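In my numbering, the protein residues as written are 3 to 211.
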């Protein structure tokens with residue numbers, strides 16, 4: 003259902019609907035990366051980063067690498083390598099227009115997540131990029147985040163979803179391949195499913211870094 007002024011007007015009083023946040027939920031928010039948060043990040047191989055352009059249009063992008071790929075430069079600064087992709091560079095374009103970002107870090111097997119928000123810039127500092135090299139290849143840029151808020155998030159969502167439970171994994175073939183989806187959605191620019199699948203698998207091997 004599309005949102006309109008009537009929908010907005012019908013939004014309930016959220017404070018009355020949900021009640022007050024618990025004192026602990028409010029007090030746990032830090033303005034820095036503490037020792038426990040640093041440890042969590044060092045074990046995290048995957049995060050999602052949200053950003054928005056100047057008009058507030060949102061985007062969320064997954065980022066992954068071996069655990070510890072995000073560098074804790076100091077208690078106020080994180081550095082995230084920007085690896086090879088499809089060159090849409092949505093996140094980087096957004097940061098150029100609007101530096102506000104938010105991150106959620108995941109650790110396999112751990113129910114809790116770590117949430118961080120702050121302001122980001124794009125760095126092409128050679129020394130920083132060299133420190134992020136993988137398989138002998140450096141990223142073209144890195145995202146530096148100045149931390150404004152950092153806090154641990156409880157495990158309820160991951161428990162409800164059974165995200166780490168092997169029994170909840172979807173059998174292979176249940177979800178169409180990327181190539182099949184693209185072919186169905188936009189006819190894959192005239193390419194066959196097989197051609198797109200071959201190109202995609204080649205990129206997974208040759209263009210991870």
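Glycine residues also receive a C-beta, built at the ideal position from the N, C-alpha and C atoms. As the structure is a computational prediction, the values presented were derived from the model and not from experiment.
Ordered along the chain, which non-local residues of its own chain (more than five positions away) have a Cβ less than 6 Å from that of residue 50? As a position in the chain shown, residue 50 is number 48, starting the count at 1. Correct list, in chain order: 62, 64 and 106.
Can you give me the start and stop residues for the beta strand (DSSP E) that residue 115 sits inside? Translated into the one-based positions of the chain shown, residue 115 becomes position 113. Per DSSP, residue 115 belongs to the beta strand (DSSP E) from 115-125.
In three-state terms, what does DSSP make of residue 171? Mapped onto the chain shown, residue 171 falls at position 169. The answer is coil: DSSP assigns residue 171 none of H, G, I, E or B.
Pick from 208, 52, 84 and 94: whose alpha carbon is nearest that of residue 117? Residue mapping note: residue 117 aligns to position 115 of the chain shown, counting from 1. Here the closest residue by C-alpha is 52.
What is the DSSP secondary structure of residue 210, reduced to helix, strand or coil? Counted from its first residue, the chain shown places residue 210 at position 208. The answer is coil: DSSP assigns residue 210 none of H, G, I, E or B.
I'd like the list of long-range same chain contacts for residue 123, defined as Cβ closer than 6 Å, with 5 residues on each side in sequence excluded. Here residue 123 is taken as the residue at index 121 of the chain shown, counted from 1. 146.
Is it the case that the Cβ atoms of residue 154 and residue 30 are separated by a distance below 8 Å? Locating residue 154 in the chain shown gives position 152, counting from the first residue. Locating residue 30 in the chain shown gives position 28, counting from the first residue. The answer is yes: Cβ separation under 8 Å.
DSSP three-state call for residue 139: helix, strand or coil? In the chain shown, the residue the question calls residue 139 occupies position 137. Residue 139: strand per DSSP, three-state reduction.
Under three-state DSSP, which class holds residue 102? Indexing the chain shown from 1 puts residue 102 at position 100. Reduced to three states, the DSSP call for residue 102 is strand.
I need the straight-line Cα distance from residue 121 to residue 159, nearest angstrom please. Taking the chain shown and counting its residues from 1, the one referred to as residue 121 is at position 119. Taking the chain shown and counting its residues from 1, the one referred to as residue 159 is at position 157. Between residue 121 and residue 159, the C-alpha separation is close to 26 Å.
Check whether the stretch 74-91 touches the stretch 29-45, taking contact to mean three or more Cβ pairs, one atom from each stretch, closer than 8 Å. yes
First and last residue of the uninterrupted alpha helix (DSSP H) at residue 28: Taking the first residue of the chain shown as position 1, residue 28 is located at position 26. 25-29 is the span of the alpha helix (DSSP H), which, as asked, contains residue 28.
Cβ atoms of residue 86 and residue 209: under 8 Å apart, would you say? Taking the chain shown and counting its residues from 1, the one referred to as residue 209 is at position 207. Taking the chain shown and counting its residues from 1, the one referred to as residue 86 is at position 84. Result yes, Cβ atoms of residue 209 and residue 86 sit closer than 8 Å.
CA nearest to the CA of residue 103, picked from 110, 42, 40 and 94: Against the chain shown, residue 103 aligns to sequence position 101. That would be 94, whose Cα lies nearest to the Cα of residue 103.
Candidates 25, 83, 69 and 59, of which the one nearest residue 46 by Cα: Indexing the chain shown from 1 puts residue 46 at position 44. Checking every option, the nearest Cα to that of residue 46 belongs to 69.
Taking the beta strand (DSSP E) that residue 65 falls in, what are its first and last residues? On the chain shown, position 63 is the one that residue 65 refers to. Where residue 65 is concerned, the enclosing beta strand (DSSP E) stretches over 60-66.
Cβ-Cβ distance between residue 130 and residue 81 below 8 Å: Taking the chain shown and counting its residues from 1, the one referred to as residue 130 is at position 128. Taking the chain shown and counting its residues from 1, the one referred to as residue 81 is at position 79. A contact, by the Cβ cut-off of 8 Å.
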